[in-house]
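Report on the structure given below.
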Amino acid sequence: MNTSSRTAAVPSEMIQTEHLTKHFGALTAADDITLSIATGEIFGLIGANGAGKSTLVKMLTTLLPPSSGKASIAGFDLVTQAAEIRRHIGYVPQLLSADGDLTGRENMLLSARLYAIPHTERAPRIAEALSSMGLTEAADRLVKHYSGGMIRRLEIAQAMLHHPVVLFMDEPTVGLDPLARDAVWDHVRMLRQSFRMTMLVTTHYLEEADLLCDRIAIMQRGRVAAVGTPADLKASIGPGATLDDVLSHLTAAGAEQEGGYGDVRRERRSAVTHG
Numbered sequence: 000m001n002t003s004s005r006t007a008a009v010p011s012e013m014i015q016t017e018h019l020t021k022h023f024g025a026l027t028a029a030d031d032i033t034l035s036i037a038t039g040e041i042f043g044l045i046g047a048n049g050a051g052k053s054t055l056v057k058m059l060t061t062l063l064p065p066s067s068g069k070a071s072i073a074g075f076d077l078v079t080q081a082a083e084i085r086r087h088i089g090y091v092p093q094l095l096s097a098d099g100d101l102t103g104r105e106n107m108l109l110s111a112r113l114y115a116i117p118h119t120e121r122a123p124r125i126a127e128a129l130s131s132m133g134l135t136e137a138a139d140r141l142v143k144h145y146s147g148g149m150i151r152r153l154e155i156a157q158a159m160l161h162h163p164v165v166l167f168m169d170e171p172t173v174g175l176d177p178l179a180r181d182a183v184w185d186h187v188r189m190l191r192q193s194f195r196m197t198m199l200v201t202t203h204y205l206e207e208a209d210l211l212c213d214r215i216a217i218m219q220r221g222r223v224a225a226v227g228t229p230a231d232l233k234a235s236i237g238p239g240a241t242l243d244d245v246l247s248h249l250t251a252a253g254a255e256q257e258g259g260y261g262d263v264r265r266e267r268r269s270a271v272t273h274g
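According to numbering that gives the first Met the number 0, the sequence shown is numbered sequentially starting from 0.
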């Protein structure tokens, strides 16, 4: 295990943001976001496409610089200590990142080199990560012959090689059948239990967020509309409510507060220009 990241004092709040904002020209993709995520927590981000979830994750993983505000990950400043943050986090993007023409083990070795893991530590680290994701027997098969769930578990294993204290996962089970989704989440729970790892997850599967996340932030139009445990969010709507009901309620409330024709025209022009 990478003792350098585990022996240092562990902050009680692993991710903190204060008024974090990202502009793309006239379009505000993430707007004044303030969050505090505890060490060891599985924290979910849910919301419609374009709500700002991926923009927030890209800022927190140092892939996008914030326009204003501040944040810290594992006690390191997002702007001034970005390189240190990258040493302490793992990132599983939504798009396919494993190379299908390589074996699982070869993909892992490539990641070990990218993470600058010492040569003598690579083999045991790779074996540990593959085992943790249930991929030991498939390690020497070409990834293009893996199932979708196996590929996702391999990508999580790659992100785990350097023993990060925070794992970011952007739609980790998108496109998977229910059995494959369950297998991925079984392994994710094991990682959290074994390493007390903090996880920030975006997902469109609301029942998944309900079952697996300690707390959830619902995002709408670049802002955080609500934060709480799944139980508290549902209770705020009424008995028998689901997260779908919570999301629908917040979306309807937000629509009532939107601007008129001119505001919509400006926002749509900005969205076309900036994607």
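Ideal Cβ placement from N, Cα and C applies to all residues, glycine included.
These numbers were taken from a predicted model, which means no experiment stands behind them.
Which residues DSSP lists as bridging residue i, in chain order
i	result
residue 22	27
residue 159	Per DSSP, none; premise fails for residue 159.
residue 197	165
residue 90	167
Residue i classed as buried or exposed, judged by whether at least 16 other C-beta atoms fall within 10 angstroms
i	result
residue 87	buried
residue 48	exposed
residue 214	buried
residue 174	exposed
residue 78	exposed
residue 209	buried
residue 104	buried
residue 119	exposed
residue 336	Lying before the first or after the last residue shown, residue 336 is absent from the chain, which here runs from 0 to 274.
residue 94	exposed
residue 25	exposed
Backbone secondary structure at residue i - three-state DSSP
i	result
residue 16	strand
residue 164	coil
residue 223	strand
residue 217	strand
residue 243	helix
residue 60	coil
residue 101	coil
residue 34	strand
residue 47	coil
residue 11	coil
residue 78	coil
residue 150	helix
residue 232	helix
residue 84	helix
residue 72	strand
residue 130	helix
Test: residue i CB closer than 8 Å to a CB of chain D
i	result
residue 238	This model lacks chain D altogether; it includes just one protein chain.
Neighbourhood of residue i by C-beta, 6 Å cutoff - its chain only, sequence neighbours within 5 removed
i	result
residue 160	110, 111, 114, 124 and 128
residue 222	30
residue 19	32, 65, 68 and 70
residue 52	44, 46, 201 and 218
residue 190	196
For residue j and residue i, believed in contact at Cβ under 8 Å, the rounded distance
i	j	result
residue 97	residue 84	That belief does not hold up - the Cβ atoms of residue 97 and residue 84 are roughly 24 Å apart, past 8 Å.
residue 201	residue 154	With a Cβ gap of about 15 Å, residue 201 and residue 154 do not count as contacting.
residue 70	residue 135	Between residue 135 and residue 70 the Cβ distance is about 37 Å, and since that is not below 8 Å, they are no contact.
residue 44	residue 199	7 Å
residue 156	residue 131	7 Å
Spatial neighbours of residue i in its chain, beta-carbon cut-off 8 Å, leaving aside the 5 residues before and after
i	result
residue 180	148, 172, 204 and 207
residue 101	109, 141 and 142
residue 298	Outside the modelled stretch of the chain, which goes from 0 to 274, sits residue 298, for which no answer is possible.
Same chain, Cβ closer than 7 Å to residue i, five either side skipped, listed in chain order
i	result
residue 35	12 and 15
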